[in-house]
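Q:
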Ligand SMILES: [Zn+2]
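Spelled out as structure tokens, the structure:
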């Protein structure tokens, strides 16, 4: 049976869209105009340990704040970028860090909360990629991989000039490419995943194992390891070297598989700057060896803390 397609807003559609960025620690919402301007915004902490309806209550509160804006009535579609896994076909989310939401029908519930507006859903890595392609470091690139390296490693793909979310909204999940066949077990059930080597907590643990110790403030985060690496601490440098090699292997595998010409790296660990990017570029030369991948560049993300909202807005306009 054929069904008539719904209204399909495009990036040139006038009027704002409603963007929701749903993570394990906060739920952010905004009205975003066609140029990426944020016209109104709201956020609430995610009651991540509560039951499903309580978590939805935080989404409802964010939407109520936005609905108080005089621009609300002009807002068309709704875009959601959510911590994953997501299922864009069924409109459900099961964020790892929000146990009350398992196969939670978020699209239908948000549709009801927003007066029947069309709602699109992507994973947070795909949302960040959409934001970087629209307004950030992947702008103008038809084939790009974008990565978020923080407490986990997520990502997304732009292929042939278009965002490639995949059938369920999870494509580009580079954090769970295995780059060490006999490596440590990963939370996903796999082994030797990029995330297991490069995510902030794992990077910091590797530095501790190598003999690095936090300062008097007790800060044992990847940011603290980055400061120590910047000061030349060998174990901190080794931890960043190892993370960089894992990321480079994953990026090179992606480049060889689907041909990308830029890898955009954001997230808290990327905040280390050259402490991460210098070994990453060196390692990439070791792994991205085929002729068509040698021109691949690695650059920092440019859309900052609003990447999730801007990406959700881009998804709504896709
Ligand atoms: Zn994994």
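Residue numbers (the numbering used here): 234 to 551.
By construction, the Cβ of each residue, glycine as well, lies at the ideal position given by its N, Cα and C atoms.
Please report the distance separating the alpha-carbon of residue 463 from that of residue 303.
A: Within the chain shown, numbered from 1, the residue matching residue 463 stands at position 230. Within the chain shown, numbered from 1, the residue matching residue 303 stands at position 70. Roughly 48 angstroms separates the two Cα atoms.
Q: Are the region 418–426 and the region 331–338 touching, with three or more C-beta to C-beta distances below 8 angstroms?
A: Contact between the region 418–426 and the region 331–338 is absent, because fewer than three Cβ pairs lie under 8 angstroms.
Q: Near ligand 1, which residues have their beta-carbon closer than 5 angstroms to a heavy atom?
A: Output, sorted by chain position: 409, 419, 421, 423, 426.
Q: Excluding the 5 residues preceding and the 5 following residue 401 in the sequence, name in chain order all residues of the same chain whose CB lies nearer than 6 angstroms to its CB.
A: Counted from its first residue, the chain shown places residue 401 at position 168. These residues qualify, in order along the chain: 320, 321, 322.
Q: At what residues does the beta strand (DSSP E) containing residue 273 begin and finish?
A: The residue labelled residue 273 in the question sits at position 40 within the chain shown. That run of the beta strand (DSSP E) goes 271–278.
Q: Please list, in chain order, all residues of the same chain as residue 256 whose beta carbon is under 6 angstroms from its beta carbon, the five residues on each side excluded.
A: Locating residue 256 in the chain shown gives position 23, counting from the first residue. Only 316 meet the Cβ criterion.
Q: Grab me the residues of residue 273's own chain with a C-beta within less than 7 angstroms of its C-beta, minus the 5 sequence neighbours each way, in chain order.
A: Taking the first residue of the chain shown as position 1, residue 273 is located at position 40. Once the five neighbours on either side are set aside, the close Cβ partners of residue 273 are 263, 264, 299, 302, 304.
Q: Helix, strand or coil: how does DSSP classify residue 493 here?
A: In the chain shown, residue 493 corresponds to position 260, counting from 1. Three-state DSSP puts residue 493 in coil, outside helix and strand.
Q: Whole beta strand (DSSP E) runs in the region 307–337 with 3 or more residues, listed along the chain?
A: Complete beta strand (DSSP E) runs here, min 3: 311–315.
Q: Buried or exposed: which applies to residue 548, given that a residue is buried once 16 or more other Cβ atoms fall within 10 Å of its Cβ?
A: To locate residue 548, count along the chain shown from 1; it is residue 315. Result: buried.
Q: Tell me which residues share the same chain as residue 363 and place their Cβ nearer than 6 angstroms to its Cβ, disregarding the 5 neighbours each side in the sequence.
A: On the chain shown, residue 363 is found 130 positions in, with the first residue counted as 1. Answer for residue 363: 396, 544, 547, 548, listed in chain order.
Q: Kindly list the residues whose CB is nearer than 6 angstroms to the CB of residue 481, restricted to its own chain and excluding five residues on each side of it in sequence; keep chain order.
A: As a working note, residue 481 is residue 248 in the chain shown. Excluding sequence neighbours, residue 481 sits near 513, 516, 517, 520.
Q: Please state whether DSSP places residue 440 in a helix, a strand or coil.
A: If you number the chain shown from 1, residue 440 lands on position 207. If DSSP states are grouped into helix, strand and coil, residue 440 belongs with the helices.
Q: In the DSSP assignment, what residue or residues form a beta bridge with residue 379?
A: Taking the chain shown and counting its residues from 1, the one referred to as residue 379 is at position 146. Looking at the DSSP assignment, residue 379 forms a beta bridge with 389, 497.
Q: Indicate the three-state DSSP secondary structure (helix, strand or coil) for residue 537 in the structure shown.
A: Mapped onto the chain shown, residue 537 falls at position 304. The answer is helix: DSSP assigns residue 537 an H, G or I state.
Q: Taking the beta carbon of residue 429 as the centre, do at least 16 other beta carbons fall within 10 Å, making it buried, or is it exposed?
A: Counted from its first residue, the chain shown places residue 429 at position 196. So residue 429 counts as buried.
Q: Please confirm whether residue 445 and residue 459 have their CB atoms less than 8 angstroms apart.
A: Position 212 of the chain shown, counted from the first residue, corresponds to residue 445. Position 226 of the chain shown, counted from the first residue, corresponds to residue 459. Not in contact: residue 445 and residue 459 (Cβ atoms no closer than 8 angstroms).
Q: Given residue 340, which residues of its chain have a CB within under 6 angstroms of its CB, disregarding the five upstream and five downstream residues?
A: Taking the first residue of the chain shown as 1, we reach residue 340 at position 107. Closer than 6 angstroms at Cβ, skipping near neighbours: 324, 352, 354.
Q: Who are the near neighbours of residue 284 in its chain, counting only those whose CB is closer than 8 angstroms to its CB and skipping five residues on each side?
A: By one-based count along the chain shown, residue 284 stands at place 51. Excluding positions up to five away in sequence, the list reads 333.
Q: Is DSSP giving residue 302 helix, strand or coil here?
A: Residue 302 sits at position 69 when you count from the first residue of the chain shown. Of the three classes helix, strand and coil, the one that applies to residue 302 here is coil, per DSSP.
Q: According to the Cβ coordinates, are residue 405 and residue 388 closer than 8 angstroms?
A: As a first step, residue 405 must be located in the chain shown, where it is residue number 172. As a first step, residue 388 must be located in the chain shown, where it is residue number 155. The answer is yes: Cβ separation under 8 angstroms.
Q: Who are the near neighbours of residue 287 in its chain, counting only those whose CB is closer than 8 angstroms to its CB and skipping five residues on each side?
A: Counted from its first residue, the chain shown places residue 287 at position 54. Closer than 8 angstroms at Cβ, skipping near neighbours: 280, 333.
Q: Taking the Cβ atom as the reference point for each residue, do residue 496 and residue 392 lie within a distance shorter than 8 angstroms?
A: As a first step, residue 496 must be located in the chain shown, where it is residue number 263. As a first step, residue 392 must be located in the chain shown, where it is residue number 159. No, the pair does not count as a contact, with Cβ atoms beyond the cut-off.
Q: Quick one: give me the first and last residue of the alpha helix (DSSP H) that residue 517 is part of.
A: Indexing the chain shown from 1 puts residue 517 at position 284. Run containing residue 517: 507–520, per the alpha helix (DSSP H) assignment.
Q: Once DSSP output is grouped into helix, strand and coil, what is the label at residue 401?
A: Here residue 401 refers to the residue found at position 168 of the chain shown. In this structure, residue 401 counts as coil in the three-state DSSP scheme.
Q: Short check: CB of residue 423 to CB of residue 415, under 8 angstroms?
A: Here the question's residue 423 lines up with position 190 in the chain shown. Here the question's residue 415 lines up with position 182 in the chain shown. Result no, Cβ atoms of residue 423 and residue 415 do not sit closer than 8 angstroms.
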